[in-house]
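All remarks here apply to the structure that follows.
Protein chains: 2
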Amino acid sequence: MNIDKLLAPWQPHVEASGKPCRLADFDPKARPFSIGDKAQDKARVETLALELDMLQELFYADRRYKLLVVLQGIDAAGKDGTIRGVFGQLSPLGVDTIGWKVPSEEERAHDYLWRIHQKMPGAGQVMIFNRSHYEEVLVPVVNGWITPAQTHQRYRHINEFERLLVETGTVVLKFMLHISFEEQRVRLQERVDDPTKHWKFSLGDLEVRKQWPAYQQAYEALLGATSTAWAPWTVVPADSKTHRNLMIATIVRDTLRQLELRYPPSDPKLAGLKVK
Amino acid sequence: MNIDKLLAPWQPHVEASGKPCRLADFDPKARPFSIGDKAQDKARVETLALELDMLQELFYADRRYKLLVVLQGIDAAGKDGTIRGVFGQLSPLGVDTIGWKVPSEEERAHDYLWRIHQKMPGAGQVMIFNRSHYEEVLVPVVNGWITPAQTHQRYRHINEFERLLVETGTVVLKFMLHISFEEQRVRLQERVDDPTKHWKFSLGDLEVRKQWPAYQQAYEALLGATSTAWAPWTVVPADSKTHRNLMIATIVRDTLRQLELRYPPSDPKLAGLKVK
């Protein structure tokens, strides 16, 4: 299948289209990468996860690239579940995950990309961000802690920061996990009803849920402003966990394949060498 | 005195002037900040160094800004001497210096600004770079390790990186210590003749000296491309050590003064409080 064609409707192209990004245009129940019924799609995700494991080993050996995967989405959008379902098969060797929290005092004493830059993957490494620097153009925007001018400064900082990364060999994949208001209600209710999920829930999540329209708007603005040619966003319909994983796994797999990874050239002295 | 007026001829404004930056236009023997004879100028440097110490304590308490001082220049241009002569009076509390060397294997596995960003000063801190990220548009350029297109990519990375710094509260002062070919000969000869200076000398320095015109050209190109409104370069005539220090100390002092530093507001509960 032609992944670029399948992907196009899910990657906001504000500059090309001239129209603002509207999340209402993206159906959170869509299944653009489905290959059959749910059981078939589930099996496909597992196959892809295994293939990703093999590709990552090659990626690690090749060492020409770095891979950054950014997972953004509101509470219960499925960031943790994506990491388990898509990247769960990867060897920890060369793969790392960070869940970004409120910055520490030392982090706040620096520019907001300082702590982000430190955690960038090195050659051959894969880094998965559970939340990311994009929180810096969400929470402060919704709560009015920064002005629109400052928000636009930040878009530029982020775009140029990602340009540096991409031009120095990092592949940047950014996924916005897009769920419906009703789906969030169901998932938060599950967390409330199940004591084994209470650790994932705080009453503050309900306050944030009340700000739903403001967050949607902040997401629309950032998707429009930071979907660059070098690091485009993909909006992932995420009401179905299986299809969310299927879409992300397919994109990551195809991205790695397109790099034409290879084991580094062998030392010619190894040809025919007998180990004594 | 009006420092901006004195400074203008020493800050390349390629975009404004439309003319390429030519180091030949900058006299390494000039003394634009001189106030009298050599003894008077020397005394002035000492006064300024003491004033800088007081201002830095206030800078540390104020915590609204960060200060990055970049010292660039060819071998024997006087980078170490500037640190001793201008910043030697500063308390180590809140002041740090880094002499950038060839990157380690881990550093090379990341983009070239990765290690630089990590060392940025935090709120209230002063960081002095002895060499800097600008080495990345000097050595590889002179030796042809990167293409002109890559060099221009790097100029942009650096400009946008510095924009991020400045827009998030860092004051960036960049000094290019400008000495003549003859002055470098004299200083390198001193190092050769004095066994206590042999640690500062390597035979490789003579190889680099042979590339003098190529380095001058690389400096001219970077001065033209990275003298931005937010982080301009100052070319410092540096054949005279006293006058180099005088110029830099004056600029740093005036820069700190212009910030209108203040001690943070007192807790009102402290008024009239008796310590028992």
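Going line by line, the protein sequences match chains R and L.
In this note's numbering, each residue carries its 1-based index in the first sequence increased by 26.
In this note's numbering, each residue carries its 1-based index in the second sequence increased by 26.
Backbone N, C-alpha and C fix where the C-beta goes; we use that ideal spot for every residue, glycine too.
All values reported here derive from a predicted model rather than from experimental measurement.
| Query | Result |
| --- | --- |
| Glu188 of chain L versus Trp256 of chain L - alpha carbon distance | 8 angstroms |
| Those residues which DSSP pairs with Ala63 of chain L across a bridge | According to the sequence displayed, residue 63 of chain L carries Asp and not Ala. None, per the DSSP bridge assignment. |
| Any C-beta of chain R under 8 angstroms from that of Met153 of chain L | no |
| Contacts of Asp137 of chain R in chain L (Cβ-Cβ under 9 angstroms) | Lys92, His143, Met146, Leu190, Leu191, Glu193, Thr194, Gly195, Thr196 |
| Members of the segment 65-95 of chain L that neighbour chain R once the beta carbon cut-off is set at 9 angstroms | Arg89, Lys92 |
| DSSP beta-bridge partners of Val197 of chain R | R:Leu93 |
| Three-state secondary structure (DSSP) of His178 of chain L | helix |
| Other residues of its chain near Phe227 of chain L: CB distance less than 8 angstroms, five sequence neighbours each side excluded | Leu214, Arg217, Val218 |
| Delimiting residues of the alpha helix (DSSP H) encompassing Phe155 of chain R | Where Phe155 of chain R is concerned, there is no enclosing alpha helix (DSSP H), although the beta strand (DSSP E) it sits in stretches over 152-156. |
| Backbone CA spacing between Gln243 of chain L and Gly250 of chain L [nearest angstrom] | 11 angstroms |
| Gly125 of chain R - partner residues in DSSP beta bridges | R:Asn156 |
| 8 angstroms Cβ cutoff met for Pro54 of chain L and Trp36 of chain L | no |
| Within 8 angstroms of chain L by C-beta, residues of the segment 161-188 of chain R in sequence order | Gln179, Arg182, His183, Glu186, Phe187 |
| Interface partners of Trp140 of chain L on chain R, CB under 8 angstroms | His143, Gln144, Met146 |
| Beta-carbon gap between Leu94 of chain R and Leu190 of chain L smaller than 8 angstroms | no |
| Beta-carbon proximity list for Gly195 of chain R, same chain, < 8 angstroms, skipping 5 on both sides | Arg90, Tyr91, Lys92, Ala149 |
| Any C-beta of chain L under 8 angstroms from that of Ala149 of chain R | yes |
| Element boundaries [alpha helix (DSSP H), containing Gly166 of chain R] | Correcting the residue identity first, residue 166 of chain R is Pro in this sequence and not Gly. Per DSSP, Pro166 of chain R belongs to the alpha helix (DSSP H) from 165-168. |
| Selected residue, minimal CA-CA separation from Arg48 of chain R, among R:Arg110, R:Gln237, R:Val261, R:Ala175 | R:Val261 |
| Chain R contact for Glu132 of chain L (CB, 8 angstroms cutoff) | yes |
| Supposed close pair Phe52 of chain L, His269 of chain L - CB separation, criterion 8 angstroms | At roughly 13 angstroms, the Cβ-Cβ gap does not stay under 8 angstroms, so Phe52 of chain L and His269 of chain L are not in contact. |
| Cβ-based neighbour list, Asp101 of chain L, same chain, cut-off 8 angstroms, excluding 5 preceding and 5 following | Gln210, Leu214, Asp231, Val234, Arg235 |
| Assigned secondary structure, Val278 of chain R (DSSP; H/G/I helix, E/B strand, else coil) | helix |
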